[in-house]
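Trainee: Handing you this structure, nothing more for now.
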Amino acid sequence: MSGNPQEQPLLADSFQEEDELQETAYDSSEKIVVVGIDESDNEENWGRVPPFSWKKLWLFTGPGFLMSIAFLDPGNLEGDLQAGATAGYSLLWLLMWATAMGLLIQLLSARLGVATGKHLAELCREEYPSWARIVLWVMAELALIGSDIQEVIGSAIAIRILSGGVVPLWAGVVITALDCFIFLFLENYGVRTLEAFFAVLIGVMAISFAWMFGEAKPSGKELLLGVLIPKLSSKTIQKAVGVVGCLIMPHNVFLHSALVQSRQVDRSKKGRVQEALNYYSIESTLALVVSFIINIFVTTVFAKGFYGSELAKSIGLANAGQYLEETYGGGLFPILYIWGIGLLAAGQSSTITGTYAGQFIMGGFLNLRLKKWIRALITRSCAIIPTMMVALIFDTSEESLDVLNEWLNVLQSVQIPFALIPLLCLVSKEQIMGSFRIGTVTKITSWLVAALVIVINGYLLTEFFSSEVKGPIMSGVVGAITTAYLAFVIYLIWQAITFLPWKNGTKPKTITHSEG
Numbered sequence: 007m008s009g010n011p012q013e014q015p016l017l018a019d020s021f022q023e024e025d026e027l028q029e030t031a032y033d034s035s036e037k038i039v040v041v042g043i044d045e046s047d048n049e050e051n052w053g054r055v056p057p058f059s060w061k062k063l064w065l066f067t068g069p070g071f072l073m074s075i076a077f078l079d080p081g082n083l084e085g086d087l088q089a090g091a092t093a094g095y096s097l098l099w100l101l102m103w104a105t106a107m108g109l110l111i112q113l114l115s116a117r118l119g120v121a122t123g124k125h126l127a128e129l130c131r132e133e134y135p136s137w138a139r140i141v142l143w144v145m146a147e148l149a150l151i152g153s154d155i156q157e158v159i160g161s162a163i164a165i166r167i168l169s170g171g172v173v174p175l176w177a178g179v180v181i182t183a184l185d186c187f188i189f190l191f192l193e194n195y196g197v198r199t200l201e202a203f204f205a206v207l208i209g210v211m212a213i214s215f216a217w218m219f220g221e222a223k224p225s226g227k228e229l230l231l232g233v234l235i236p237k238l239s240s241k242t243i244q245k246a247v248g249v250v251g252c253l254i255m256p257h258n259v260f261l262h263s264a265l266v267q268s269r270q271v272d273r274s275k276k277g278r279v280q281e282a283l284n285y286y287s288i289e290s291t292l293a294l295v296v297s298f299i300i301n302i303f304v305t306t307v308f309a310k311g312f313y314g315s316e317l318a319k320s321i322g323l324a325n326a327g328q329y330l331e332e333t334y335g336g337g338l339f340p341i342l343y344i345w346g347i348g349l350l351a352a353g354q355s356s357t358i359t360g361t362y363a364g365q366f367i368m369g370g371f372l373n374l375r376l377k378k379w380i381r382a383l384i385t386r387s388c389a390i391i392p393t394m395m396v397a398l399i400f401d402t403s404e405e406s407l408d409v410l411n412e413w414l415n416v417l418q419s420v421q422i423p424f425a426l427i428p429l430l431c432l433v434s435k436e437q438i439m440g441s442f443r444i445g446t447v448t449k450i451t452s453w454l455v456a457a458l459v460i461v462i463n464g465y466l467l468t469e470f471f472s473s474e475v476k477g478p479i480m481s482g483v484v485g486a487i488t489t490a491y492l493a494f495v496i497y498l499i500w501q502a503i504t505f506l507p508w509k510n511g512t513k514p515k516t517i518t519h520s521e522g
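Residue numbers (our numbering): 7 to 522.
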């Protein structure tokens, strides 16, 4: 390749006329203009990364914190409290490394969005044949619905706690469903207003669970040893697998690749793209450090109060508040209501980001250019209708809710390959990423992490189905579905190895600087 910068391949928004006919994550008028992003660059420094700026970091901060909410949703909180109650402090090291693996995956998602100007759902639509992208879309929607049911039920449980049991579960679901209108209202005031709202909710979670941490006073020594020294036994392996499995959310991989496009980045200048990637890496890391600390608060509170007790095996999201009050008492402000406030913030924030993710998934896979309120209404209805049915059926039984939660975890676990494999396939290819494709070391590390996550979730599925599936007919049905499932996963892996754009004559994703 020539040393002349004009001949270096760069990513840009080429073929603009075609893009105007397609669904995009954000319109040009919605994107935030970062200070200095439009500064004129001469031919000599077009590839130079501008010096670090705290002001720019502040302007790029936002998408990572929205992404981090998936690490703090009610499903994760239930995984935290159960891990603490049954395994004590011994799985904190795994929580840390699972968060690190999640960070790697989310950084790749952000890299894809920044470098290509398109999010994962859009690229899956363009790069896979029609039958494959329909399957990927259906799987993404199922994962989103499963996650949304957990989040809405978590919010409804929190509302029931804070109302003193007056508001039933089904009514809490209705109230939570109205968050769609909060989302639409805030979106009218711009991306930064929406991000500020989520920052407040994360702050509420941090304060609530930190307060609980202060009330419970877990052992600092045990906490530090739990983070630094790996421990695993036959009794805790199932919870260990659950800790890893619940942190990697399929819909979050799609979401982050779209959120990063809320900033205006000049993709005709390599230095500007790299600058955006640097700032997004910093803010995403900070966001997941915050989420890790909050998860530690929850895990250690329940480790201190319930590890080794008879209640450890029966504790779940529905009865956790009651058990906390019985164990730690009322205090200045009853710990039951502190838990309820934190749980409500987690549920509300995650359901709204779920609505956000649903818009991008549906619009990207189907190329729908609908008004935002219509897309939000469709997305919300897809989750609320089954959630309402669940609330009416399981309102009176906490044990049934726990069983349902296990099924929903299974539903999301089986979807993970359908987000991770296309992501890794796309970020590895020069046809898609140009000079921003990942290197050999990152590629090997990423595939190893993805393989580990898929194997862990496969273990969960095997354990679950071996205990739940009985009878020859049911076993035959599950066997047939499993065969089809594995065949599609193998197809995706084969596509990643022998990648060729689906459309004949697909237009190249790179242009030279002079052509820009």
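A virtual CB, placed ideally from N, CA and C, is assigned to each residue, including glycine.
For clarity, every value in this text was computed on a predicted model and none was experimentally measured.
Apply the 10 Å Cβ neighbour rule to Val144 and answer buried if 16 or more other Cβ atoms are within range, or exposed otherwise.
Mentor: exposed
Trainee: Can you tell which of Ile499, Lys37, Arg54 and Arg139 has its C-alpha closest to the C-alpha of Ser274?
Mentor: Arg54
Trainee: Taking a contact to mean a Cβ-Cβ separation below 8 angstroms, would you say Val141 touches Thr393 in this structure?
Mentor: no
Trainee: My assumption, with CB atoms under 8 angstroms, is that Phe204 sits in contact with Leu65. Please give the rounded CB distance.
Mentor: That belief does not hold up - the Cβ atoms of Phe204 and Leu65 are roughly 16 angstroms apart, past 8 angstroms.
Trainee: Using alpha carbons as the reference points, say which of Thr489, Ile300, Phe494 and Leu292 lies closest to Ala351.
Mentor: Nearest in C-alpha terms to Ala351, of all of Thr489, Ile300, Phe494 and Leu292, is Ile300.
Trainee: If you count every other CB in all the chains shown that lies within 10 Å of the CB of Lys509, and 16 or more means buried, which is it?
Mentor: Bear in mind that a pLDDT of 49 at Lys509, under 50, signals an unreliable position, so the model cannot answer this.
Trainee: Would Ala397 and Leu253 qualify as a contact pair, given that the criterion is a beta-carbon distance under 8 angstroms?
Mentor: no
Trainee: Go ahead and label Ile503 buried or exposed: buried means 16 or more other beta carbons lie within 10 angstroms of its beta carbon, across all protein chains shown.
Mentor: Burial call: exposed.
Trainee: Verify the CB distance criterion: does Lys276 have a CB-CB separation below 8 angstroms to chain B?
Mentor: You won't find chain B in this structure, because it holds only one protein chain.
Trainee: Near Lys515, what residues of its chain come up, given a Cβ to Cβ distance below 7 angstroms and the 5 sequence neighbours on each side ignored?
Mentor: Because the pLDDT of Lys515 is 47, which lies under 50, any placement of that residue in the model is unreliable, and the number read from its coordinates should be weighed accordingly. So the qualifying residues of the chain are Leu17, Thr122, Gln437, Ile438 and Gly440.
Trainee: How far does the alpha helix (DSSP H) with Lys276 in it reach, from first residue to last?
Mentor: Lys276 to Phe312 is the extent of the alpha helix (DSSP H) around Lys276.
Trainee: Compute the Euclidean distance between the alpha carbons of Ile163 and Asn463, then round it to the nearest angstrom.
Mentor: The straight-line gap from Cα to Cα measures roughly 27 angstroms.
Trainee: By how many angstroms is the C-alpha of Tyr285 removed from the C-alpha of Lys61?
Mentor: 11 angstroms
Trainee: Ignoring anything shorter than 4 residues or poking outside the segment 194 to 254, list the alpha helix (DSSP H) runs there in chain order.
Mentor: 197 to 222, 226 to 234 and 243 to 253
Trainee: Three or more beta-carbon pairs under 8 angstroms between the segment 79 to 86 and the segment 351 to 367, yes or no?
Mentor: yes
Trainee: Give the range of the alpha helix (DSSP H) segment to which His125 is assigned.
Mentor: First-last for His125: undefined, no H or E at that position.
Trainee: With a 10 Å radius around its C-beta and 16 neighbouring C-beta atoms as the bar for buried, classify Thr199 as buried or exposed.
Mentor: exposed
Trainee: Does the Cβ of Ser240 have 16 or more other Cβ atoms within 10 Å, making it buried, or fewer, making it exposed?
Mentor: exposed
Trainee: Which residues in the same chain have their Cβ closer than 7 angstroms to the Cβ of Thr291, if we skip the five residues on either side of it in sequence?
Mentor: Leu109
Trainee: Measure how close the beta-carbons of Thr182 and Thr357 come, nearest whole angstrom, since I'm counting them as under 8 angstroms.
Mentor: 6 angstroms
Trainee: Is Asp33 buried or exposed, if buried means 16 or more other CB atoms sit within 10 Å of its CB?
Mentor: exposed
Trainee: DSSP state of Arg117, grouped into three classes?
Mentor: helix
Trainee: Assuming Tyr95 contacts Leu229 (C-beta within less than 8 angstroms), just tell me the rounded distance between them.
Mentor: 6 angstroms
Trainee: Out of Gly171, Ile487 and Val120, state which residue places its alpha-carbon closest to the alpha-carbon of Gln328.
Mentor: Gly171
Trainee: What residue from Arg386, Val459, Ala246 and Ser161 has the CA that sits closest to Leu100's CA?
Mentor: In this structure, Ala246 is the residue among Arg386, Val459, Ala246 and Ser161 with its C-alpha nearest to the C-alpha of Leu100.
Trainee: In chain order, what residues of the same chain have a beta carbon less than 7 angstroms from the beta carbon of Lys37, not counting five sequence neighbours either side?
Mentor: Within the same chain, Ser268, Arg269 and Gln270 come within 7 angstroms of Lys37 by CB-CB distance, once the 5 residues on both sides are set aside.
Trainee: Sort out for me which residues DSSP pairs Ile367 with in a bridge.
Mentor: Paired residue(s): none; Ile367 is not in a bridge.
Trainee: Do you know offhand how far Trp345's Cα is from Glu133's?
Mentor: 45 angstroms
Trainee: Alpha carbon to alpha carbon, how far is Val455 from Leu492? Give it in angstroms, no decimals.
Mentor: Cα to Cα, Leu492 sits roughly 19 angstroms from Val455.
Trainee: How would you call Glu201, buried or exposed, if buried means at least 16 neighbouring beta carbons within 10 angstroms?
Mentor: It is buried - the Cβ of Glu201 has at least 16 other Cβ atoms within 10 Å.
Trainee: So, do the segment 113 to 122 and the segment 373 to 393 have three or more beta carbon pairs nearer to each other than 8 angstroms?
Mentor: Result no; under three Cβ-Cβ pairs closer than 8 angstroms.
Trainee: If you follow the alpha helix (DSSP H) that Thr67 is part of, which residue opens it and which one closes it?
Mentor: Counting along the chain, no alpha helix (DSSP H) covers Thr67, and no H or E run does either.
Trainee: Quick check: does the Cβ of Leu100 come within less than 7 angstroms of any heavy atom belonging to the ligand ATP?
Mentor: The model on display carries no ligand, and the ligand ATP is accordingly not part of it.
Trainee: Alpha carbon to alpha carbon, what distance is there between Ala93 and Val249?
Mentor: 11 angstroms
Trainee: What does DSSP give as the partner residues of Ala390 in its beta bridges?
Mentor: The amino acid at residue 390 is misidentified as Ala; the sequence shows Ile. Beta-bridge annotation (DSSP): Ile390 is not paired with any residue.
Trainee: Quick check: what's the CA-CA separation for Gly528 versus Lys319?
Mentor: For residue 528 there is no data in the structure shown, the boundaries of the chain being 7 and 522.
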